[in-house]
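Encoded as structure tokens, the structure appears first; notes follow it.
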Amino acid sequence: MFTIRCLVQLICLFALSINGYITSDNDNARSFTTMNQRPLYNIGHMCNSIKKTMDHIGRGANAVEVDVTFKPDDIYLFHGYPCDCFRYCWDRELLSNYLRFVRQATTPGHPRYHPQWAILYFDIKLKSFSNEEKREHGVRFANHMASFFFNEIPVKSTIRFIIAISYADDDDFIYGFINQLKELGLYDSYRNFLGFDIGIEKDVDRARAIWNQLNITNVWQGEGITNCINPIAGHQLEKLVHIRDSPMTYFSKVYRWTIDLTDSLRSVLQHQIDGVMTNHPERVLRIITRDPELSRIYRLATIKDDPFKRIRANSRPDGRNWIPKLY
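In mature numbering (1 follows the signal peptide of the UniProt record, and there is no 0), the protein residues as written are -24 to -1, 1 to 303.
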């Protein structure tokens, strides 16, 4: 006899299947060769404490994003209110303590080593600062990196950094940061550890001019909006991927922030991007390992992948992107 309980079970089974927990093609998806798959950076969002960082890595992230906030007494990881929907906004950690932890957690042979952690993304918060103050904070940030991470030669860590300002008008921070590393005699030795991004800037020509003037080629280009309205917001991923793949590009990686819903994640991953910033890295991992189509396109990036190497999208006969190719 068909009962209410049976109906509930059927509804639950359907919900699990559409969210990627159950798929009839799992075995085929997992058996597909990784040789030609696009390495994806699954970026855990707003990991402003050691505990939150380990939580995101444990849920499948191979990269984490932290918010760098400058105070007169010190530099902190801190976001504050408002932040993403359904998130705690008040995590706080001294940058110095966090950098010590990062070096341990990304150094082979250390008891705390986590080999899947490939990228640390610094979201530099510079709102309300003058240009002179932004440059001074760039110097302060460089001094912290020198004191608490680049203080051993050679650095054995397998991590790479993305240093992201929000707008082109924040470029004084980058100038202060790079010039200070040069003053300390560290820039040439560690420049391969460093990548850069202007995370909110819409004018790609202004961004291009900044990186060209600084002779920086390790560049990511992101775009996005808070998870609260991401499902209904448009995006320019197709345009950015086209620029990435063109001969005149100035950046090597394209990513989208901040996406949490499974359907939205599937949608943006159709564009052959290089990274996704999310509060739910386990959902991204589930998609790229279980989705019948996307598991053939993507794999999780590892420390052996170059986070600053451009990988162009290839096209299928129907015009949709398929297997990536190196360029």
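Just so you know, even glycine gets a beta-carbon here, dropped at the ideal spot from N, CA and C.
As assigned by DSSP and simplified to three states, the class of residue i
i, result
"residue 315", "The question about residue 315 has no answer here: the residues shown for the chain are numbered -24 through 303."
"Ala183", "helix"
"Tyr64", "coil"
"Lys103", "coil"
"Met121", "helix"
"Tyr74", "helix"
"Phe284", "coil"
"Ile192", "coil"
"Asp3", "Note on Asp3: pLDDT 32, under 50, position unreliable in the model; no value is reported."
"Glu69", "strand"
"Ile95", "strand"
"Gln248", "coil"
"Gln162", "Looking at the sequence provided, one finds Leu at residue 162 rather than Gln. Looking at Leu162 - three-state DSSP - the assignment turns out to be coil, as it is neither helix nor strand."
"Gly210", "coil"
"Glu112", "helix"
"Ile263", "helix"
"Ala289", "coil"
"Glu258", "helix"
"Thr9", "Reliability fails at Thr9, whose pLDDT of 44 lies under 50, so the model's placement of it is uncertain and the value that follows must be treated cautiously. In this structure, Thr9 counts as coil in the three-state DSSP scheme."
When the options are compared against residue i, the one with the closest alpha-carbon
i, options, result
"Ile254", "Lys215, Asn206, Tyr143, Glu69", "Rather than Ile, the amino acid found at residue 254 in this sequence is Thr. Among Lys215, Asn206, Tyr143, Glu69, the Cα nearest to that of Thr254 belongs to Asn206."
"Ile139", "Met30, Asp99, Ala209", "Asp99"
"Asn155", "Asn119, Lys178, Asp146", "Asn119"
"His55", "Cys61, Thr45, Asp49", "Thr45"
"Leu216", "Asn191, Thr193, Val244", "Val244"
"Val230", "Val180, Glu199, Glu177", "Glu199"
"Gly171", "Arg136, Ile26, Val180", "Arg136"
"Asp147", "Arg182, Gly34, Asp49, Ile263", "Arg182"
"Leu96", "Phe77, Lys47, Pro58, Gly114", "Phe77"
"residue 312", "Lys285, Arg111, Asn73", "One cannot answer for residue 312 here, as it falls past the ends of the chain, which runs -24 to 303."
"Asp179", "Gln197, Leu190, Gln189", "Gln197"
"Trp93", "Ser133, Phe149, Ser104, Gln189", "Ser133"
"Cys59", "Pro91, Asp43, Arg266, Arg275", "Asp43"
"Thr278", "Thr82, Tyr226, Val115", "Thr82"
"Arg288", "Thr265, Val252, Ser240, Ser222", "Ser222"
"residue 374", "Asn107, Arg232, Ser228, Glu269", "In the structure as shown, the chain begins at -24 and stops at 303. Residue 374 is therefore absent and cannot be evaluated."
"Leu261", "His247, Ile174, Gln248, Leu241", "Leu241"
"Asp145", "Glu109, Val131, Glu69, Ser165", "Glu109"
"Arg35", "Glu269, Pro283, Ile263, Arg259", "Arg259"
"Val252", "Tyr226, Ile201, Leu157", "Ile201"
Residue-chain proximity (residue i, chain B), Cβ-Cβ < 7 angstroms
i, result
"Tyr64", "Protein chain content of the structure displayed is limited to a single chain, and chain B is not contained in it."
Continuous beta strand (DSSP E) stretch holding residue i: start and end
i, result
"Pro15", "14 to 20"
"Ile174", "170 to 174"
"Glu269", "Glu269 -> no beta strand (DSSP E), and no H or E assigned at all."
"Tyr274", "274 to 276"
"Met253", "251 to 254"
Continuous alpha helix (DSSP H) stretch holding residue i: start and end
i, result
"residue 306", "Examination of residue 306 is not possible in this model, given that the chain is present from -24 through 303 alone."
"Lys229", "Run containing Lys229: none in the alpha helix (DSSP H); it sits in the beta strand (DSSP E), 229 to 233."
"Arg242", "238 to 245"
"Gly152", "147 to 159"
Q) Is it true that the stretch 116 to 132 meets the stretch 87 to 95, where meeting means three or more beta-carbon pairs spaced less than 8 angstroms apart? A) no
Q: Would you check if the stretch 16 to 26 and the stretch 63 to 78 touch, i.e. whether three or more CB-CB distances between them fall below 8 angstroms?
A: In the pairwise beta carbon analysis, the stretch 63 to 78 is classified as touching the stretch 16 to 26: at least three pairs are separated by under 8 angstroms.
Q) Unbroken alpha helix (DSSP H) runs of length 4 or more, entirely within the stretch 20 to 51: which are they? A) 26 to 34
Q | Stretch-stretch touch, CB-based, cutoff 8 angstroms, three pairs: the stretch 155 to 165 with the stretch 183 to 196 | A | no
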